[in-house]
Amino acid sequence: MYNRPLSGSIKHLTLDSALLKGNPLGDPHIRTFPVYLPPGYDDSDQCYPVIYALAGFTGTGLNMTGFAVWEESLPEQIDDLIAGIDCPPVIVVMPDCFTRLGGSQYVNSTATGPYEDYLTDEVITFVDGELHTLTERERRGIIGKSSGGYGALTLAMKHPGLFAAAACHSGDLYFEYAYLREFPKAVDALNQYGGVKGFLKEFAGATKKGSLIPALNIIAMAAAYSPEGNQPRLPFELPIGELVPEVWEQWLAHDPVHMVEREPFAEALRGLKLLYLDAGDRDEYALHLGARIFIERLKTLNIPYHYEEFSDGHFGINYRYKVSLEMVARALG
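Numbering (the working numbering), first residue to last: 145 to 477.
Written as structure tokens, this is what we have:
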């Protein structure tokens, strides 16, 4: 059981976002998020490298600080690493990019809001103004797990001037496996409640939401990858479930396996000090297969990487952060 005092500390920052104000879902534009500060932070004016840690679907930065028996939180993991001899001190920012659909995928969308710009323009600028950070690109990294891993990878691809290291744990890769096989179940769930609107009403009122999360996930992904105005456009027709090819193509355009074939994105990854990826060999969404396919793309494109496949599934793998945190912190040095 872990419940020891941190050698460092956790500070909560509150940002009033101009970009999220008036977002289509009516989600809060005032966001509070935790930041891990290394030991000795308050004793000097020393500036530190920064790692941005992105939460997975249905999660937010606050979840990363939560106490759990027999499991280290992310702040406990980095605190323990810094206490050793191989990990330099860093600041870790755990931003809030949550939406009422369960997450934003860290992209700009007319159906959810400009969460990519919110993170890359507002949050980073705000953090650099509030804390003792090293503001050079070479001293900033980004990590995440699941949807957060997807966000870390794609933001590193799209914003080479911001991040020098990236780590993707079990990220959404090869959408043909990650999402496609979930569509029939989503069709049945949405039909049960008369479509998206009825489903979301049911979800909002449900005391226990767990069984509804898989269908919510598909709605959230549609809002991120294929928005139509302020609404998600599903990649299949209701009630029959037939795929809509042009919408599915919109989804695939967001898949890192396809994105990396575009030279600007490939060049961005080549320019990283560290590109780390991992996945469990029994991932329930076949993301280990997606990772293997992505790695083959990296090899073909001569993009350096570090990949680990471990014995586990998709869930309960927060312990993997301890691997990437140390590697990214050392890369940012």
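Backbone N, C-alpha and C fix where the C-beta goes; we use that ideal spot for every residue, glycine too.
From the listed residues Ile235, Gly170, Val237, Arg244, the smallest Cα separation to Leu360 is found for Arg244. Cα atoms of Leu159 and Glu266: separation of roughly 9 Å, rounded to the nearest angstrom. Sorting Ile447, Leu445, Phe459 by C-alpha distance to the C-alpha of His432 places Phe459 at the top. Bounds of the alpha helix (DSSP H) holding Arg474 are 465-476. Distance from the CA of Leu181 to the CA of Val234, rounded to the nearest whole angstrom, comes to 7 Å. When DSSP reads this structure, His313 sits in a beta bridge with Lys289, Asp422.
Looking only at Tyr192, Ala412, Glu411, the smallest Cα-Cα distance to Val271 is reached by Tyr192. The alpha-carbon separation between Glu372 and Leu163 amounts to approximately 20 Å. Between Gly315 and Leu297, the C-beta gap is smaller than 8 Å, which places the two residues in contact. Taking a 10 Å sphere around the C-beta of His313, we find 16 or more other C-beta atoms and assign the residue as buried. Here Gln190 is exposed, its C-beta having fewer than 16 other C-beta atoms within 10 Å. Asp422 has its alpha-carbon roughly 20 Å from the corresponding atom of Val236. The DSSP-derived three-state label of Val388 is coil. In the displayed model, Val237 falls within a strand according to three-state DSSP. Nearest to Val391 by C-alpha distance, out of Val404, Ala366, Pro383, is Ala366.
Shown here, His156 sits in a strand according to DSSP, grouped into three states. Nearest C-alpha to Leu382 among Glu393, His398, Gly338: Gly338. As the crow flies, the alpha-carbon of Gly200 is around 16 Å from that of Thr256.
Pairing Ile229 with Glu282, the inter-Cα distance amounts to about 22 Å. The beta carbon of Thr279 sits closer than 7 Å to those of Asp272, all from its chain and outside the five residues before and after it, given in chain order. Cβ contact annotation for Asp223 (same chain, cutoff 7 Å, sequence separation greater than five): Leu150, Ser151, Gly152, in chain order.
Taking a C-beta distance under 8 Å as the contact criterion, Phe307 and Gly285 qualify as a contact pair.
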